[in-house]
Amino acid sequence: MKYLRLKKKKDFQKILKAGKRIHCGTLTLVYYPSECTKVAVCVGKKYGKSVRRNRIKRLLREAFRSHAENLPIACSVLLIPRIAENYSFSDFSRDIGAAIGRMPHA
RNA sequence: CGAGCGGGCUGCGCGGUCGCGGCGCACCAUGCGUGCGAUGAGGAAAGUCCGGGCAUCGCAGGGCAGGACGCCUGAUAACGUCAGGUGAAGGCGACUUUAAGGAAAGUGCAACAGAAAUAGACCGCCCGCAGCUUCCGUUUGAAUCGGUUGAACGUUCCCGCGUCCGCUCCGGAAAAUUCCGGGGAGGGGGAACUGCCUGCGAGCAAGGAUGGAAAGGCGAGGUAAGAGCUCACCGACGGGACGGUAACGCCCCGUGCCAUGUAAACCCCGUCCGAUGCAAGUUUGGGCUCCGUUUCACAUAGGGUUGCCCGCCCGAAGCGGAGCCGUGAAUAACGCUGGAGCCUAUCGGUGACGGUAGGCGUAGAUAAAUGACCGCGCUCGACAGAACCCGGCUUACAGGCCCGCUCGGAUC
RNA sequence: GCAGAAGUACCCAAGAGGCUCAAGGGGCUCCCCUGCUAAGGGAGUAGUGCUGGAUAACGGCAGCACGAGUUCGAAUCUCGUCUUCUGCG
195 MKYLRLKKKK DFQKILKAGK RIHCGTLTLV YYPSECTKVA VCVGKKYGKS
245 VRRNRIKRLL REAFRSHAEN LPIACSVLLI PRIAENYSFS DFSRDIGAAI
295 GRMPHA
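Following our numbering, the numbering of the first sequence begins with 195 at its first residue and continues without gaps.
Right, here's the structure in full:
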């Protein structure tokens, strides 16, 4: 299952304005239907220093990668984690799987 | 063995599966493609505290303002950095720390305390002159108390001296808190002296509980009292010789000593600095040419020019139309990584560093690349993620390793 | 990424080398007023940590984001660190 990275600021604003949100444990998933599957991770400065932010982004990307095949429709996806003391791959993976499971089937 | 000082290196490793960034090669369905290959964060990448490259503006002309630095010599592209040295402070020592120019260029500040704070004479010490050396309650020549006073405590001599009073000396009696006899000074007036006190004048800066700091320290001589007034030692200042490129060191001579601290207060002296920063900036976004029009200005003016002035330059800005080439928009490409580069050897230098020779090709993203899982090992893994690039500084950091040195103890 | 500003008590804050010193409001506590409350009036609290003292009265030391330095003496001057905020396409 191939997917693309989402980069442009316009796309972010569009998804955040019109997309649907699924809150699930340690993160929030925002999605909006599009031609092909795109993904982006939102980690701002409030999450910590650069080492900590990079760690969160890597964990989220890896977790999403393992669940991307289960997406019911092609759409653009934003992943927004909650601020926490510690972040673990297993929690992210579990919650992304649950969030995708709650998406409506086309 | 114990305690300690200085310097350097390192910053989990190995294997497998899946995945990420740009790069190279190959393929065809030419795509937001697929496959293969090699490669891909640090000693601090951090803080953005200095310096430089680079870029744009101004046109590199001057001055003012402003800022930075500040022992000496060197290194360097440059530095506020580094190396070597000097002075000072600390440590038994190895060694460490050091914003370390100027306080007789000027200005400011120094609370409280203290006699006095950058200067003086309050107390004090000493000399001379002058005054006073006494009054009242109170009466009793003594004694006591109180008041007033600047002060209430004298000594000697002369004149005068009846009673009484206490003091004192001698002799006698008795037997004791006495008695008798004799003598002396003591109330008043005058003079002198001395001490206290007061006033005036002169000398001194030794002493005075303070303070961060009191016009060198300490000892001796000296003096009316004192004083670098004189002397020794130490310190300071000035001059000279020697050593050193220099900071400075050391020795000799001289001067009794022109005088607190603060310049991380203003300031003075010396050296240096144009401003802004890759979100700089370049190309495409539209540009060029021509025409019309509006506004400001039309010359001792106006506009532009870095904080200001001089100086310098010149018409400037906006809108509309026509012709030609072009149309992805906080985007795309460039800047963007080969550079004062890294490694090794060797030479010069105490060293920072420099020269020569050989080798290497070593991230380049832009919502921004290193992760997940499994297995094994161990000391169980700290601080932490490039964003134009270098040289430094500062700060953070689990541990591990190496080298040199000092002090103490023990043993040989 | 680059450039700049500010940190003082629970909150807002003045103080810009020395004396009352951490002013002054708000807040908080107590009293009055009221049937009760709000508003109003009056008085007080001064903070915090350590420490002396008797669990007191009354003191001492530290303390102005944190750590060093200059100075006889720093909230104030200098340097470093941390935190917060702002500007630049």
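Here a beta-carbon is modelled for each residue, glycine too, at the ideal position from N, C-alpha and C. None of these values were measured; they are calculated from a predicted model.
Where residue i falls, given that 16 or more other Cβ within 10 Å makes a residue buried
i	result
His-261	buried
Pro-148	For residue 148 there is no data in the structure shown, the boundaries of the chain being 195 and 300.
Cys-194	Look at the range of the chain in this structure, 195 to 300, and you will see that residue 194 is not part of it.
Lys-232	buried
Leu-198	exposed
Proximity winner among the options, relative to residue i (alpha-carbon distances)
i	options	result
Ala-292	Ile-216, Lys-208, Tyr-197 and Lys-204	Ile-216
Asp-289	Lys-202, Thr-222 and Lys-208	Thr-222
Gln-207	Asn-280, Arg-252, Ile-250 and Tyr-226	Tyr-226
First and last residue of the uninterrupted beta strand (DSSP E) at residue i
i	result
Ser-270	269 to 275
Phe-278	Residue identity check: residue 278 is Ala in the sequence provided, not Phe. Segment: none, Ala-278 is in no beta strand (DSSP E) and carries neither H nor E.
Lys-240	Where Lys-240 is concerned, there is no enclosing beta strand (DSSP E), given that its DSSP letter is neither H nor E.
Lys-232	232 to 235
Tyr-197	Segment: none, Tyr-197 is in no beta strand (DSSP E) and carries neither H nor E.
Span of the alpha helix (DSSP H) around residue i
i	result
Arg-252	244 to 261
Arg-215	Arg-215 -> not in any alpha helix (DSSP H); beta strand (DSSP E) instead, spanning 214 to 218.
Pair within 8 angstroms by beta-carbon distance, residue i and residue j
i	j	result
Leu-309	Phe-283	Outside the displayed range of the chain (195 to 300) lies residue 309, so it cannot be described from this structure.
Tyr-241	Ile-209	no
Leu-265	Ala-234	no
Tyr-281	Arg-247	no
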